[in-house]
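Enquirer:
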Amino acid sequence: MTAAARPAVRPLPAGSPLRRPMRRFLAISGITLFATMLVSVFLMPLAYMAATAFKSETQTSTPGAPLWPAKPETFTYRGEEYPVFRVPTEDGLQSWALVEPHREDAVFIDPDDPGAGPITWVGRWRTLEQSWSFSLDWSSFTRAWEILNFPRMFFNTFAIAGLSTVGAVLSAVCVAYGFSRFRFPGRNGLFLLMLATIILPFQVTLIPTYAVYFALGWVGTWLPLIIPHFFANAYNVFLLRQYFLTIPRDLDEAAMIDGAGPFRILRSVIIPQAMPAIVAVTLFHFFWAWNEYFLPLVYLQGNPDLQPLSVGLGRFNSLYSGEPTVIQAAALMAMALPVVVFFLAQRAFMRGVVFGGVEK
Amino acid sequence: METTTDTAMPALSAPPRRRLLSGPEGREAISGLAFVSPWIVGFLTFSAIPMAASLVLSLTDFDPRRADAVRFVGLANYLRMFNDPALIKSSLVTLRFALIVVPLTLAFALGVALLVNHRLLAGRNIFRTLFYMPLQIPIVASTVVWIGVLNVSTGWLNLGLEAIGLPSVDWLNNPFWVHPALALMGLWGIGNMMLIFLAGLQSVPTELYDAARVDGAGRWASFRHITLPMISPVLFYNLIIVLIATFQYFTQAYVITNGRGDPGGETLFFNLNLFREAFQFYNMGYASALAWLLFVVVLGLTLVLFRTAGRWVYEGGDR
Chain A
76 MTAAARPAVR PLPAGSPLRR PMRRFLAISG ITLFATMLVS VFLMPLAYMA
126 ATAFKSETQT STPGAPLWPA KPETFTYRGE EYPVFRVPTE DGLQSWALVE
176 PHREDAVFID PDDPGAGPIT WVGRWRTLEQ SWSFSLDWSS FTRAWEILNF
226 PRMFFNTFAI AGLSTVGAVL SAVCVAYGFS RFRFPGRNGL FLLMLATIIL
276 PFQVTLIPTY AVYFALGWVG TWLPLIIPHF FANAYNVFLL RQYFLTIPRD
326 LDEAAMIDGA GPFRILRSVI IPQAMPAIVA VTLFHFFWAW NEYFLPLVYL
376 QGNPDLQPLS VGLGRFNSLY SGEPTVIQAA ALMAMALPVV VFFLAQRAFM
426 RGVVFGGVEK
Chain B
1422 METTTDTAMP ALSAPPRRRL LSGPEGREAI SGLAFVSPWI VGFLTFSAIP
1472 MAASLVLSLT DFDPRRADAV RFVGLANYLR MFNDPALIKS SLVTLRFALI
1522 VVPLTLAFAL GVALLVNHRL LAGRNIFRTL FYMPLQIPIV ASTVVWIGVL
1572 NVSTGWLNLG LEAIGLPSVD WLNNPFWVHP ALALMGLWGI GNMMLIFLAG
1622 LQSVPTELYD AARVDGAGRW ASFRHITLPM ISPVLFYNLI IVLIATFQYF
1672 TQAYVITNGR GDPGGETLFF NLNLFREAFQ FYNMGYASAL AWLLFVVVLG
1722 LTLVLFRTAG RWVYEGGDR
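Going line by line, the protein sequences match chains A and B. When we follow our numbering, the leftmost residue of the first sequence carries the number 76, and every step to the right adds one. When we follow our numbering, the leftmost residue of the second sequence carries the number 1422, and every step to the right adds one.
(1) By the three-class DSSP mapping on this structure, what secondary structure does P138 (chain A) have?
(2) Under a CB-based cut-off of 9 Å, is P276 (chain A) close to chain D?
(3) Could you give the residue range of the beta strand (DSSP E) that holds D180 (chain A)?
(4) Whose C-beta lies closer than 7 Å to the C-beta of A1593 (chain B) among residues of the same chain, with five residues either side of it excluded?
(5) In angstroms with no decimal places, state the Cα-to-Cα distance between R426 (chain A) and A1620 (chain B).
(6) M1651 (chain B) versus chain A: which residues are under 7 Å apart at the beta carbon?
(7) Ordered along the chain, which non-local residues of its own chain (more than five positions away) have a Cβ less than 8 Å from that of P193 (chain A)?
(8) Would you kindly check if the distance between the Cβ of W1609 (chain B) and the Cβ of F424 (chain A) is under 9 Å?
(9) Please classify W1733 (chain B): is it buried, with 16 or more other beta-carbons within 10 angstroms of its beta-carbon, or exposed?
(10) Check the Cβ-Cβ distances between P283 (chain A) and every residue of chain B, and say whether any is below 9 Å.
(11) Give the residues from the region 1536-1556 of chain B that approach chain A closer than 8 Å (Cβ to any Cβ), ordered along the chain.
(12) Excluding five sequence neighbours on each side, which residues of the same chain lie with their C-beta closer than 8 Å to the C-beta of V312 (chain A)?
(13) Could you spell out where the beta strand (DSSP E) holding W196 (chain A) opens and where it closes?
(14) Could you tell me which of B:Y1703, B:V1718, B:G1706 sits nearest to F1691 (chain B), measuring between CA atoms?
(15) How about S1563 (chain B) and M410 (chain A): are their beta carbons less than 9 Å apart?
(16) Give a yes or no on whether the C-beta atoms belonging to A352 (chain A) and S343 (chain A) are separated by under 9 Å.
(17) Could you spell out where the beta strand (DSSP E) holding A145 (chain A) opens and where it closes?
(18) Check whether the Cβ of S1468 (chain B) lies closer than 9 Å to any Cβ atom in chain A.
(19) Are at least three pairs of beta-carbons, each pair with one atom in the region 237-244 of chain A and one in the region 381-394 of chain A, less than 8 Å apart?
(20) In the DSSP assignment, find the beta strand (DSSP E) that holds S27 (chain A) and state where it starts and stops.
(21) Exposed or buried, which one is Q1623 (chain B) when buried takes at least 16 other CB atoms within 10 Å?
(22) Report yes or no: is there a C-beta of chain B within less than 9 Å of the C-beta of R218 (chain A)?
(23) With a threshold of 9 Å between beta-carbons, can R1625 (chain B) be considered close to chain A, or not?
(24) Cβ atoms of P141 (chain A) and W207 (chain A): under 9 Å apart, would you say?
(25) For L300 (chain A), tell me which candidate among A:T321, A:M350, A:L275, A:E367 has the shortest Cα-Cα distance.
(26) Buried or exposed for H360 (chain A), going by 16 or more other Cβ atoms inside 10 Å?
(27) Could you check what DSSP says for T1688 (chain B) in three-state terms: helix, strand or coil?
(28) Should Q1557 (chain B) be labelled buried (16 or more other beta-carbon atoms within 10 Å of its own) or exposed?
(29) Under the assumption that G1685 (chain B) contacts L1693 (chain B) (Cβ atoms under 8 Å), give the Cβ distance between them as a whole number of angstroms.
(30) Check the Cβ of G389 (chain A) against every Cβ in chain B and list those closer than 9 Å, keeping chain order.
(31) Enumerated in chain order, which unbroken segments of the alpha helix (DSSP H) with a length of 4 residues or greater are wholly contained in the region 1465-1523 of chain B?
(32) Chain B beta carbons: is any one of them nearer than 9 Å to that of I301 (chain A)?
(33) Grab the span of the beta strand (DSSP E) containing I208 (chain A) for me, first residue to last.
(34) Beta-carbon separation of V159 (chain A) and D180 (chain A) under 9 Å?
(35) Helix, strand or coil for V162 (chain A)? Go by DSSP, reduced to three states.
(36) Sort out for me which residues DSSP pairs E204 (chain A) with in a bridge.
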């Protein structure tokens, strides 16, 4: 387009190769602009969350308040504080402080030039818009922190997710090692059976396991959320096994000739080689546990003191639905860690998905 | 020891049966089984035995609070399904929601994958990360955020609609709009699907597109006749995943109405109904029967899809 608009400067025949960089540049800008707009709309709720979390309670209940966190602007004149309004004048919209309101007119002070003295403006000041200035209000965060008992919730979430991750990773490494490095009767059948458990809806096993935990007195404790993870999950094993298979067997054999037993080989050959996959599984599992809602809800329904963030936040949401600022502040705090870690380790996350997903 | 004879004279010891747990192979087998044993124990304890138990429980009126008084009720729980309004409602709600959410999610994930795979897009990795990121947000937190965004008077979605002259909608309290609203929320979960589509797109040989261009195929024609058939295996995979996930839909529905299923029962999804029967009314026998119904339906649907897959899923020679 631009190139065509300046034919006098550089006359080019249509379809000239010299024009192509320009066309290409425009195509790149167009598609990148489109993607930027789409991703902005896609992530708009996060902007809503941040904006709301930093608003004051009064701002949300004031009609006409801006979408961004702000407080009504004021101006101190001769020791008194006056609200600032957006006043239409002959010179355009002015931000003036209202000193003396009347019914049909009002007296203002120009904060930029208070020395000019009072200005009388004819019109109904009630129709004027208040002027707002950008201001972050942190009180919703402190309120959410206290009401929801965040230190306790964070501790619970870390403990549950951390302990179950330890179990999940240790057991998955062992089982994946068994499936990838040893021949034993029924290996392929067992492996297929394990993959089949992926499509087994957890509801089918939920009630009997609940009944057992109930009989053991585990309902209302963390145990049902931690112990089962020490017995290897099919997804994790699959991902690790696929990775282990790519490690050359020569390495094992060299270690074996040096007299290393199976555990030694696992510890000094397989685990160091498979670190990327182990890190991916660790991250996946930890944040899966961090985000999990259904099972903690089932097992900790009656025990708020032991609930993780997800369940606490859900309960909080139903109790404080009238206070959007506090709820959004709580949501922001609950998602901060997973989101930050995701950005730091996004490669590990995203590679793991494709590795575990497509090969199936 | 025996082990040496076994390996030294395979011709003699081979004919009957290989001895399972002796010899170097035997030792290898023992080690292998030992390493795999956590899963075997876990499978028996947390999958196989509970499955059998669940089948048995579905024939009883089991209530964990009075486990001693459990009675065998035969097929009563299964017969009850035919005239349980909550079950019928929840099944219809789930099916209707699946009809919206499955095509919408697949189409959006594929569209985003095409976009972030476009050779002319600058900063492709940044876009991939950003489109993936919401999946990493705890579902409860993202649901809470969306509840705010969808609020009838203060939510930004309605502000946006009003700004372009459209009427505002009470998304979460209107029985008609609540499904589209939940489907919209669901778009935040496309991350994995997008990456899997992306891997599929990247595995399409470029020669095919070159050949099509030589034959004069336009962009749409090459998408329709090359891209879609070539990525049909990942499309199929994603379809199964999203379908199973939809039948298990729970958290968002539970959080928006605190488990009541409002408005008008439109968010009483199958799984929410099951949760209520099991953990609010403690009808665990009936809930077990519901779980089996869900299992059979999901399994049946998956098998039907696999059956029809031959007709539309492309199986390349190398697969």
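Ideal placement from N, C-alpha and C gives every residue a C-beta, glycine not left out.
Expert: Taking the coordinates as given:
(1) On the first sequence, position 63 is the one that residue 138 (chain A) refers to. If DSSP states are grouped into helix, strand and coil, P138 (chain A) belongs with coil.
(2) Chain labels in this structure do not include chain D; the protein chains are A and B.
(3) The residue you call residue 180 (chain A) lines up with position 105 of the first sequence. Counting along the chain, the beta strand (DSSP E) containing D180 (chain A) begins and ends at 180-184.
(4) The sequence position of residue 1593 (chain B) within the second sequence is 172, counting from 1. The identity of residue 1593 (chain B) in the sequence shown is Leu, whereas the question assumes Ala. I1568, L1571, V1599, A1602, I1677, listed in sequence order.
(5) Your numbering for residue 426 (chain A) matches position 351 in the first sequence. Your numbering for residue 1620 (chain B) matches position 199 in the second sequence. Taking the straight line from one Cα to the other gives about 10 Å.
(6) On the second sequence, residue 1651 (chain B) is found 230 positions in, with the first residue counted as 1. Going along chain A, no residue has its Cβ under 7 Å from M1651 (chain B), so there is no contact; the nearest lies around 13 Å.
(7) The residue you call residue 193 (chain A) lines up with position 118 of the first sequence. V174, E175, V182, F183, I184.
(8) Residue mapping note: residue 424 (chain A) aligns to position 349 of the first sequence, counting from 1. Residue mapping note: residue 1609 (chain B) aligns to position 188 of the second sequence, counting from 1. Contact flag unset, no.
(9) Position 312 of the second sequence, counting from 1, holds the residue named residue 1733 (chain B). Counting every other CB atom within 10 Å of its CB across the protein chains shown gives W1733 (chain B) a total below 16, marking it as exposed.
(10) Position 208 of the first sequence holds residue 283 (chain A). Yes, contact with chain B.
(11) L1536, V1537, H1539, L1541, L1542, A1543, G1544, F1548, R1549, T1550, L1551, F1552, Y1553, M1554, P1555
(12) As a first step, residue 312 (chain A) is located in the first sequence; it is residue number 237 there, counting from the start. Sequence-distant Cβ neighbours of V312 (chain A) in its own chain, meaning closer than 8 Å and more than five residues away, are A247, V250, A251, F254, M269.
(13) Locating residue 196 (chain A) in the first sequence gives position 121, where the first residue counts as 1. Here the beta strand (DSSP E) through W196 (chain A) covers 194-197.
(14) If you number the second sequence from 1, residue 1691 (chain B) lands on position 270. Taking each of B:Y1703, B:V1718, B:G1706 in turn and checking the Cα distance to F1691 (chain B), the smallest one comes out for B:V1718.
(15) By 1-based counting over the second sequence, the position of residue 1563 (chain B) is 142. By 1-based counting over the first sequence, the position of residue 410 (chain A) is 335. Cβ distance < 9 Å, so S1563 (chain B) and M410 (chain A) count as in contact.
(16) Numbered from 1 along the first sequence, position 277 holds the residue referred to as residue 352 (chain A). Numbered from 1 along the first sequence, position 268 holds the residue referred to as residue 343 (chain A). No, the Cβ-Cβ distance between A352 (chain A) and S343 (chain A) is not below 9 Å.
(17) In the first sequence, counting from the first residue as 1, residue 145 (chain A) sits at position 70. Here the beta strand (DSSP E) through A145 (chain A) covers 145-147.
(18) Taking the second sequence and counting its residues from 1, the one referred to as residue 1468 (chain B) is at position 47. Closer than 9 Å: yes.
(19) no
(20) No answer is possible for residue 27 (chain A): the residues shown for chain A start at 76 and end at 435.
(21) Taking the second sequence and counting its residues from 1, the one referred to as residue 1623 (chain B) is at position 202. That one is exposed.
(22) Numbered from its first residue, the first sequence carries residue 218 (chain A) at position 143. Judged by the 9 Å Cβ criterion, R218 (chain A) is not in contact with chain B.
(23) Looking up residue 1625 (chain B) in the second sequence gives position 204. The residue you asked about is not Arg; residue 1625 (chain B) is Val in the sequence shown. With 9 Å as the cut-off, V1625 (chain B) does not count as an interface residue toward chain A.
(24) Within the first sequence, numbered from 1, the residue matching residue 207 (chain A) stands at position 132. Within the first sequence, numbered from 1, the residue matching residue 141 (chain A) stands at position 66. In contact: W207 (chain A) and P141 (chain A) (Cβ atoms closer than 9 Å).
(25) Translated into the one-based positions of the first sequence, residue 300 (chain A) becomes position 225. The residue with the shortest Cα to Cα distance from L300 (chain A) is A:E367.
(26) The residue labelled residue 360 (chain A) in the question sits at position 285 within the first sequence. Its Cβ being crowded by 16 or more others within 10 Å, H360 (chain A) is buried.
(27) Sequence index remark: in the second sequence, residue 1688 (chain B) carries index 267 (1-based). Three-state DSSP puts T1688 (chain B) in coil, outside helix and strand.
(28) Translated into positions along the second sequence, residue 1557 (chain B) becomes position 136. Buried, because 16 or more other Cβ atoms sit within 10 Å of the Cβ of Q1557 (chain B).
(29) On the second sequence, residue 1685 (chain B) is found 264 positions in, with the first residue counted as 1. On the second sequence, residue 1693 (chain B) is found 272 positions in, with the first residue counted as 1. Not a contact, Cβ separation roughly 14 Å.
(30) Mapped onto the first sequence, residue 389 (chain A) falls at position 314. Within chain B, the residues near G389 (chain A) are V1561, T1564, V1565, T1672, Y1675, V1676, N1679.
(31) 1470-1478, 1497-1501
(32) For this step, residue 301 (chain A) is matched to residue 226 along the first sequence. It does not: the Cβ of I301 (chain A) has no partner Cβ on chain B nearer than 9 Å.
(33) Position 133 of the first sequence, counted from the start, is the residue given in the question as residue 208 (chain A). Residue identity check: residue 208 (chain A) is Ser in the sequence provided, not Ile. Per DSSP, S208 (chain A) belongs to the beta strand (DSSP E) from 207-209.
(34) One-based indexing of the first sequence puts residue 159 (chain A) at position 84. One-based indexing of the first sequence puts residue 180 (chain A) at position 105. Their beta carbons are not under 9 Å apart, which means V159 (chain A) does not touch D180 (chain A) by this criterion.
(35) Stepping through the first sequence from its first residue, residue 162 (chain A) is reached at position 87. Note: V162 (chain A) maps to strand in three-state DSSP.
(36) Position 129 of the first sequence, counting from 1, holds the residue named residue 204 (chain A). In the DSSP output, where bridge partners are listed per residue, E204 (chain A) has A:R161.
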